[in-house]
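Positions 287 to 654 (the numbering used here) are the ones given, in order, by the sequence shown.
Every residue gets a Cβ at the ideal spot worked out from N, C-alpha and C, and that includes glycine.
The structure presented is a predicted model; accordingly, all values stated were derived computationally and were not measured.
Heads up: the structure comes next, in structure tokens.
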Amino acid sequence: MKKENYKDILKKIRESHLKRRKIKDKNRPIAVWMQDDIYRDFKIGKSLTIILRTEGCYYAKEGGCLMCSYLMDSSPEKLTAENIINQFDYAIEKYKDDLKNLRDFSVKIFTSGSFLDDREVPKKARAHIYKELSSFDNLKEIAIESRPEFITENRLSEIRDHLSTNVEIGVGIESFNEEIREKAINKGITMEDIIKAVELSKNYNIGIKAYLLIKPLFIREKEAILDSIHSAISCIKIGCSRISFCPATVHKGSVMEYFFNKNQYRPPFLWSILEILKEVKKTCPNSLIMCDTAGVGSERGAHNLKNCKCNKIIKNKLETFTLTQNIKILDYECDCKEVWRSYLEVEEKNIVPLGDETKLIKTLDYYS
Ligand code: SF4
Ligand SMILES: [Zn+2]
287 MKKENYKDIL KKIRESHLKR RKIKDKNRPI AVWMQDDIYR DFKIGKSLTI
337 ILRTEGCYYA KEGGCLMCSY LMDSSPEKLT AENIINQFDY AIEKYKDDLK
387 NLRDFSVKIF TSGSFLDDRE VPKKARAHIY KELSSFDNLK EIAIESRPEF
437 ITENRLSEIR DHLSTNVEIG VGIESFNEEI REKAINKGIT MEDIIKAVEL
487 SKNYNIGIKA YLLIKPLFIR EKEAILDSIH SAISCIKIGC SRISFCPATV
537 HKGSVMEYFF NKNQYRPPFL WSILEILKEV KKTCPNSLIM CDTAGVGSER
587 GAHNLKNCKC NKIIKNKLET FTLTQNIKIL DYECDCKEVW RSYLEVEEKN
637 IVPLGDETKL IKTLDYYS
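Structure below.
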């Protein structure tokens, strides 16, 4: 009998999930909200985030990244440029009065895929969005997201034909280590693709925000810490405009969930995240280092010991650090840090990563 590898598992999961996508209103975005944010010049302001519903990431349909199930939010039906335009107009209309009254603000337009892929956002819709955004005098920054294969001369000049403001493209670089990016994430992009996108964008004065995944599958906690530190410093060296760490969260319907359910994957400890942020910020004090906190504190997201009071406290600290860039905020101690230290130590001696720490606690109890 043929042994199933994770790519077979991935294919099966995607196929069954694609069938389960629900039909939603084509003319409404997935979500839109306003929040505090930090600009590229380190000033704090407001940002409007719009998550557009599209036909989904083409790469996810082919299997995609092992931690991702964004495809579930996408539309199972064909969407036209008009549908995307209606979604965008709805979001802007909803916050129009607030936006007009702000001194300045930024806009983030995400698709849980690639904004620059015509299959997700047709050229006509992109042009409409750029044109509408250019009418705001107080718009300070614009952020979009894309896989690097769509960051071309053509798409970049399209942006600059309409917009002279600060623009950043978020790219899921995930790790600077080719082997981790390929085998532990299945990202399907090479270092060459990344460097090409960064260099090309520089010519248009467009920044690249590097999304880095903290603790992909198949690697141990200690390796994850070292990989994240090395990846961030390397991304800064090649000229990325900011770093946005994404501590892994176990998405429903991902390969990561498959291993999580078998107790062969544990999301990162918050102690690891504090270490990473402190080290990167210390080494690169003038760079903008951010950390996403979606899922943080929950069992499926980055957490320390379950139910420990420090989970909530550290989550708040990560949010404050992202806004202020003040490294001192990250200093914190809690008794459960000892468990993390033991976990790192025991895992180092293991052939495979440990999974849930209860396994470690049971082992420690056995020997005590
Ligand atoms: S992480 Fe990004 S590139 Fe990878 S499958 Fe998900 S949406 Fe596509
Ligand atoms: Zn604790």
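Helix, strand or coil: how does DSSP classify residue i here?
i, result
"Thr335", "strand"
"Ser530", "strand"
"Glu460", "strand"
"Ala377", "helix"
"Met358", "helix"
"Lys426", "strand"
"Glu485", "helix"
"Glu418", "helix"
"Asn369", "helix"
"Asn602", "helix"
"Glu406", "coil"
"Ile330", "strand"
"Asn452", "strand"
"Asn597", "helix"
"Thr535", "coil"
"Leu442", "helix"
"Asp447", "helix"
"Ala413", "helix"
"Arg314", "coil"
"Ile309", "coil"
"Asp642", "coil"
"Phe607", "helix"
How far does the beta strand (DSSP E) with residue i in it extend, from its first residue to its last?
i, result
"Phe391", "Phe391 to Phe396"
"Met320", "Ala317 to Ile324"
"Tyr497", "Ile492 to Ile500"
"Leu388", "It is not in any beta strand (DSSP E) - Leu388 carries neither H nor E in the DSSP assignment."
"Ile613", "From DSSP, Ile613 is part of no beta strand (DSSP E); its letter is neither H nor E."
"Ile437", "No beta strand (DSSP E) contains Ile437, which DSSP labels as neither H nor E."
"Cys622", "Run containing Cys622: none; DSSP gives neither H nor E here."
"Cys343", "Here Cys343 belongs to no beta strand (DSSP E), and DSSP marks it neither H nor E."
"Cys577", "Ile575 to Cys577"
Between residue i and ligand 2, is there a pair consisting of the residue's CB and a ligand heavy atom that are separated by less than 7 Å?
i, result
"Leu604", "no"
"Asn590", "yes"
"Cys620", "yes"
"Cys596", "yes"
Please list, in chain order, all residues of the same chain as residue i whose beta carbon is under 7 Å from its beta carbon, the five residues on each side excluded.
i, result
"Lys231", "Nothing about residue 231 can be reported from this structure: the residues present for the chain run from 287 to 654 only."
"Asp642", "Asn549 and Arg552"
"Trp557", "Asn590, Lys623 and Trp626"
"Leu616", "Leu560, Leu563, Lys564, Lys603 and Phe607"
"Gln373", "Asn313, Arg314, Pro315, Leu338 and Arg339"
"Lys380", "Val318"
Here's the rule I'm using: 16 or more other beta-carbon atoms within 10 Å means buried, otherwise exposed. How should residue i be labelled?
i, result
"Gly587", "buried"
"Asn597", "buried"
"Ile600", "buried"
"Ala317", "exposed"
"Arg339", "buried"
"Asp513", "buried"
"Asn590", "buried"
"Tyr629", "buried"
"Lys364", "exposed"
"Arg306", "exposed"
"Gln321", "exposed"
"Thr644", "exposed"
"Lys426", "buried"
"Tyr497", "buried"
"Thr610", "exposed"
"Arg389", "exposed"
"Phe546", "buried"
Between which two residues does the alpha helix (DSSP H) carrying residue i extend?
i, result
"Asn547", "Val541 to Asn547"
"Glu507", "Glu507 to Lys523"
"Met353", "Per DSSP, Met353 belongs to no alpha helix (DSSP H) and is neither H nor E."
"Ile559", "Leu556 to Thr569"
"Ile299", "Tyr292 to Lys305"
Give me, in chain order, the residues of the same chain whose beta-carbon lies closer than 6 Å to that of residue i; leave out the 5 immediate sequence neighbours on both sides.
i, result
"His448", "Tyr416, Lys417 and Ser420"
"Gly493", "Glu454 and Ser527"
"Pro533", "Ile500, Pro554, Ile559 and Ala588"
"Lys310", "none"
Closer than 8 Å by C-beta to residue i: which residues in its own chain qualify, once you throw out the five before and the five after it? Chain order, please.
i, result
"Ile524", "Ile480, Ile481 and Val484"
"Pro434", "Val457, Ile475, Asp479, Ile480, Lys482 and Ala483"
"Asp578", "Ser530, Phe531, Cys532 and Pro533"
Say yes only if the C-beta of residue i is nearer than 7 Å to one or more non-hydrogen atoms of ligand 1, and no if none qualify.
i, result
"Gly458", "yes"
"Ala346", "yes"
"Arg300", "no"
"Arg433", "yes"
"Cys521", "no"
"Cys532", "no"
"Gly399", "yes"
"Tyr356", "yes"
"Cys577", "no"
Ligand 4 and residue i: does the residue's C-beta get closer than 7 Å to at least one heavy atom of that ligand?
i, result
"Gly350", "What this structure holds is ligand 1 and ligand 2, not ligand 4."
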